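In order, the protein sequence lines correspond to chains W and L.
If you use my numbering, the first sequence closes out at 250, no skipped numbers anywhere.
If you use my numbering, the second sequence closes out at 94, no skipped numbers anywhere.
Please read the structure below before turning to the comments.
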Amino acid sequence: MKLTTTRFGEIEVPDNDVLFFSFGVLGFPEVKRYVLLDHSGDTPLKWLQAIDKPELAFPMVPATDLVEDYHITVCPDDLEAVGIESTAELQAFVILTIPNGASERSTANLKAPILMNPTTHVARQILAAEDYPIRYPLSDAQPAKVECAG
Amino acid sequence: MLVLTRKLGEGITIGTGIRVVILGIRGSQVRLGIEAPPHTEIYRDEIHAKIVEENRRAAEGVSGQPAVPSRFSPGVWQRRSKT
Chain W
101 MKLTTTRFGE IEVPDNDVLF FSFGVLGFPE VKRYVLLDHS GDTPLKWLQA IDKPELAFPM
161 VPATDLVEDY HITVCPDDLE AVGIESTAEL QAFVILTIPN GASERSTANL KAPILMNPTT
221 HVARQILAAE DYPIRYPLSD AQPAKVECAG
Chain L
12 MLVLTRKLGE GITIGTGIRV VILGIRGSQV RLGIEAPPHT EIYRDEIHAK IVEENRRAAE
72 GVSGQPAVPS RFSPGVWQRR SKT
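So this is what it looks like as structure tokens:
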């Protein structure tokens, strides 16, 4: 399908890539269909782009790319909501807040990750029971592990 | 806002399938029991407001893409080898 976005212009996305948020993202309950777009370049950064709201997009990264031992307890109800039985199959993303013109002050919301079922494409923003911060400064993140070749 | 007075052990029913019961009262604290259909989202007001605010901040800006935080910029970030 063709998509109009304010950040990425007109883009074409496969119909199968549509992610369904039956409850929306908190604060945006009326927006239920999104797609996940890669940020250009070699970066784990992705964008959760609303299909029906061109200007709505959230920058995100896979949770474990930021905090290696990110661990949350997902209640059975939330698991069922995304149609999954085991957390092993789940993908967890954290939303980044990147201040305009001050990306060095970026933070990640570890408290309310986005869980996705990669098979059914059903997704949900949940609240972690764990004591994770809503504004985790990226500068505090453990340095990325760089594996040298050879 | 509808205002109702309830005693300990009493409850209220909201729509179909949502029930709130007063389980305990201690000083200025009230303990509530909530029954709701599966998948109903239930949040403490203050945490709900914070997440909503953070989501709005994260989605701010309608055009262009912000600079990638250096933590994830090419050259700094490298995909972890899964061994």
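Using N, Cα and C, we set each Cβ at its ideal position, and we do this for glycine too.
Bear in mind the structure is a predicted one, so any value in this text is a computation, not a measurement.
{"Check": "Work out the CA separation of residue 177(W) and residue 53(L) for me, nearest whole Å.", "Outcome": "12 Å"}
{"Check": "Could you tell me which residues DSSP puts in a beta bridge with residue 215(W)?", "Outcome": "192(W) and 224(W)"}
{"Check": "Let me know the secondary structure DSSP gives residue 204(W) once reduced to three states.", "Outcome": "helix"}
{"Check": "Can you list, in chain order, the residues of its chain with a C-beta nearer than 6 Å to that of residue 172(W)? Leave out the 5 residues immediately preceding and following it.", "Outcome": "228 and 230"}
{"Check": "On the CB-based measure, 16 or more other CB atoms within 10 Å of its CB, does residue 102(L) come out buried or exposed?", "Outcome": "Since the first residue of chain L shown is 12 and the last is 94, residue 102(L) is not available in this structure."}
{"Check": "Throw me the rounded Cβ distance for the residue 103(W) and residue 113(W) pair, which I believe falls under 8 Å.", "Outcome": "6 Å"}
{"Check": "Helix, strand or coil for residue 237(W), going by three-state DSSP, please let me know.", "Outcome": "strand"}
{"Check": "Between the Cα of residue 34(L) and the Cα atoms of 59(L), 20(L) and 55(L), which residue gives the shortest distance?", "Outcome": "20(L)"}
{"Check": "Would residue 65(L) pass as an interface residue toward chain W - the criterion being a Cβ-Cβ separation below 7 Å?", "Outcome": "yes"}
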